[in-house]
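Our numbering numbers the first residue of the sequence shown as 112 and each following residue consecutively.
C-beta atoms are modelled at their ideal positions from N, C-alpha and C, and glycine is treated no differently.
Computed from a prediction, not measured in an experiment: that's the story for all the values here.
The structure appears below as structure tokens.
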Amino acid sequence: MQTQSVDSSPRTSLRGPALGWAGALTLCSVLLLALVAARWRPLMDLDGDIAGTTHRWAVAESGVTQTNRILTDWVWDPWTMRILCAVAAVWLIWRYAARWTALWLALTVLLANILQQGLKAAVDRPRPVWPDPVDSAHYAAFPSGHAMTATVVLGLLLYLLRHYGVGRALWCTAVAVAAVSVVGVGLTRVWLGVHWTSDVIGGWLMGTAVVALAIALHRRHLRPRGSTEP
Numbered sequence: 112m113q114t115q116s117v118d119s120s121p122r123t124s125l126r127g128p129a130l131g132w133a134g135a136l137t138l139c140s141v142l143l144l145a146l147v148a149a150r151w152r153p154l155m156d157l158d159g160d161i162a163g164t165t166h167r168w169a170v171a172e173s174g175v176t177q178t179n180r181i182l183t184d185w186v187w188d189p190w191t192m193r194i195l196c197a198v199a200a201v202w203l204i205w206r207y208a209a210r211w212t213a214l215w216l217a218l219t220v221l222l223a224n225i226l227q228q229g230l231k232a233a234v235d236r237p238r239p240v241w242p243d244p245v246d247s248a249h250y251a252a253f254p255s256g257h258a259m260t261a262t263v264v265l266g267l268l269l270y271l272l273r274h275y276g277v278g279r280a281l282w283c284t285a286v287a288v289a290a291v292s293v294v295g296v297g298l299t300r301v302w303l304g305v306h307w308t309s310d311v312i313g314g315w316l317m318g319t320a321v322v323a324l325a326i327a328l329h330r331r332h333l334r335p336r337g338s339t340e341p
């Protein structure tokens with residue numbers, strides 16, 4: 112007897128909430144973008160106060176700073192996230208023959224990176240500059256590429272784990288790892304003095320908006336057509 116496809120399951124009802132979240136998060140992202148582009152003084156002052164405090168801590172706590180550099184440059188680096196995405200895409204094709212979903216995953220991450228780089232070029236926000244820097248970074252500051260990439264990749268992977276019905280233990284572990292990673296990578300960028308706090312928040316917001324919109328599109332594709340993916 113043929114079993115029901117996972118991709119045609121009742122969970123397609125998530126499409127509506129996903130679109131709602133995408134709209135709300137996009138509005139928040141646009142608002143923050145406007146404040147950053149306008150150099151809104153209260154936000155700039157808050158960013159400066161947080162950056163100054165964390166930079167003093169980073170200079171004083173060399174061991175913690177080195178740990179943050181390892182985490183941000185290797186564990187949570189955008190290229191690490193992209194490799195994880197590639198592995199997941201291969202797994203989808205090999206294990207489930209889910210070619211369309213694998214392509215959707217790869218294209219979403221690619222388009223998120225293009226969006227991120229476009230916004231950096233458009234806003235052209237300078238990064239923090241310190242007389243005694245503990246790390247360095249290239250390109251403009253807003254939004255944080257590390258924060259946005261981690262949010263997009265891990266958010267999509269969590270959705271796929273839920274979509275394919277993994278066990279409760281694996282799901283809870285994945286949620287915990289993803290949450291620590293997304294929050295952690297943002298904190299490392301501020302601690303190392305290469306991003307303002309609003310850069311990181313912008314990366315989180317825009318990344319989550321991309322995830323919500325991508326989920327809605329994935330559900331929209333599957334609902335009217337059904338799926339041949341097991």
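Asked                                                                                                                                                                                   : Found
Could you tell me the distance, in whole angstroms, from the CA atom of Gly237 to the CA atom of Gln177?                                                                                : Looking at the sequence shown, residue 237 is not Gly but Pro. Their backbone Cα atoms lie some 24 Å apart in a straight line.
In the DSSP assignment, the alpha helix (DSSP H) including Gly256 goes from what residue to what residue?                                                                               : Gly256 to His274
How should Gly276 be labelled, buried or exposed, when 16 other C-beta atoms within 10 angstroms of its C-beta is the threshold for buried?                                             : exposed
Using the Cα positions of Ile312 and Ala290, report the straight-line distance between them to the nearest angstrom.                                                                    : 14 Å
Find out if the Cβ-Cβ distance for the pair Ala258, Lys231 is shorter than 7 Å.                                                                                                         : no
Along the chain, where does the alpha helix (DSSP H) containing Arg238 start, and where does it finish?                                                                                 : It is not in any alpha helix (DSSP H) - Arg238 carries neither H nor E in the DSSP assignment.
So, for Leu226: in the same chain, excluding its five sequence neighbours on each side, which residues have a beta-carbon less than 8 Å away from its beta-carbon?                      : Met317 and Val321
Given Trp241, which residues of its chain have a CB within under 7 Å of its CB, disregarding the five upstream and five downstream residues?                                            : His166 and Gly304
Should Thr299 and Leu182 be called a contact, given that it needs their Cβ atoms to be closer than 7 Å?                                                                                 : yes
Can you look up Tyr207 in the DSSP assignment and give me helix, strand or coil?                                                                                                        : helix
Please report the distance separating the alpha-carbon of Ala217 from that of Val286.                                                                                                   : 21 Å
Could you compute how far the alpha carbon of Gly297 sits from the alpha carbon of Trp211?                                                                                              : 31 Å
Cα-Cα, which of Leu221, Leu214 and Arg206 is closest to Trp190?                                                                                                                         : Leu221
Let me know the secondary structure DSSP gives Val294 once reduced to three states.                                                                                                     : helix
Kindly indicate which three-state DSSP category Arg150 falls into: helix, strand or coil?                                                                                               : coil
How about Ala149 and Trp307: are their beta carbons less than 7 Å apart?                                                                                                                : no
So, is Asp160 buried or exposed, given that buried needs 16 or more other C-beta atoms within 10 angstroms?                                                                             : exposed
Quick one: using the 10 Å Cβ neighbour count with 16 as the cut-off for buried, is Ala323 buried or exposed?                                                                            : buried
Give every residue of the same chain whose Cβ lies closer than 7 Å to the Cβ of Leu136, excluding the five residues on either side of it in the sequence, and list them in chain order. : Leu316, Thr319, Ala320 and Ala323
From the DSSP output, in three-state form, read off Ala248 for me.                                                                                                                      : coil
Work out the CA separation of Gly295 and Ala261 for me, nearest whole Å.                                                                                                                : 10 Å
Can you grab the Cα-Cα spacing for the pair Gly278 / Leu267, in whole Å?                                                                                                                : 17 Å
Helix, strand or coil for Val286, going by three-state DSSP, please let me know.                                                                                                        : helix
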